[in-house]
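Undergrad:
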Amino acid sequence: MKSMVDIEVAIDEKYTDPKVTILTREKSGLVESIINAIENVSENEFPLIPAYTEGEMEFVSQRDIVRVYIQDRKCILQTDEGLFTVRKNLSRLEEDLNPSRFVRISQSEIINIYKVKRFDINIAGTIGVEFENGTKTWASRSCVKTLKALLKG
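The numbering used here puts the first residue of the sequence shown at 18, with every later residue one more than the last.
1) DSSP on Asp137, reduced to helix/strand/coil?
2) Consider the Cβ of Val26: report whether some Cβ of chain C lies at a distance smaller than 8 angstroms.
3) So, using beta-carbon positions, are Asn129 and Val83 closer together than 8 angstroms?
4) Using a Cβ-Cβ cutoff of less than 6 angstroms, which residues in the same chain neighbour Asn139 once the five nearest sequence positions on both sides are dropped?
5) Look at the Cβ atom of Leu94, then the Cβ atom of Ile66, and state whether they are nearer than 8 angstroms.
6) When the distance is taken between beta carbons, is Ile127 closer than 8 angstroms to Phe136?
7) Counting C-beta neighbours from all protein chains within 10 Å, is the total for Ala156 16 or more, i.e. buried, or is it exposed?
8) Can you give me the Cβ contacts of Met18 inside the same chain, cut-off strictly under 6 angstroms, excluding the 5 residues immediately before and after it?
9) Kindly give me the distance between the Cβ atoms of Leu164 and Val120, rounded to whole angstroms, as I take these residues to be in contact under 8 angstroms.
10) Measure the alpha-carbon distance for Ser50 versus Cys160 and round it to whole angstroms.
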């Protein structure tokens, strides 16, 4: 039996940009295909990121970025496939990134919230971040308030 997708559109004036919610029992290949199709349409608004590895330049889709951070004064872009160097500083790169997908969690790191497996909000007020690929990082105290607001909204 073929998988069917039930599509419902609701017009609501409080949304200036479309919001897509996928309700499903589990994350399947069909769900991934739907996400990719939607992201491919919206990717036209947000450019591919030129990134370098071993002297070769490659264009990286924003949906593939796990996080971007500063290490040894270099801007490093991490995907599930590996690490790349970006020839922009973090602030300039942040201007190119989709603000509904990426959030700055410290002065030296921006994360893709769609790649986060879990947030660990501890009693001391800090927030740990664990990504789907197992990478872990921490939000700086100065960004905790912004991140908590994002998680509630």
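We put the CB at the ideal spot given by N, CA and C, even for glycine.
Please read these numbers as outputs of a predicted model, since none were measured by experiment.
TA: This is what the structure holds:
1) Here Asp137 carries a strand assignment [DSSP, helix/strand/coil].
2) Any reference to chain C falls outside this structure, which holds one protein chain only.
3) Contact flag set, yes.
4) Result list for Asn139: empty, nothing under 6 angstroms.
5) The criterion of a C-beta distance shorter than 8 angstroms is satisfied by Leu94 and Ile66.
6) Result no, Cβ atoms of Phe136 and Ile127 do not sit closer than 8 angstroms.
7) Taking every protein chain shown into account, the CB of Ala156 has 16 or more other CB atoms within 10 angstroms, so this residue is buried.
8) Bear in mind that a pLDDT of 44 at Met18, under 50, signals an unreliable position, so the model cannot answer this.
9) Rounded, the Cβ-Cβ distance is 7 angstroms, consistent with contact.
10) Annotation: Ser50 to Cys160 spans about 33 angstroms, alpha carbon to alpha carbon.
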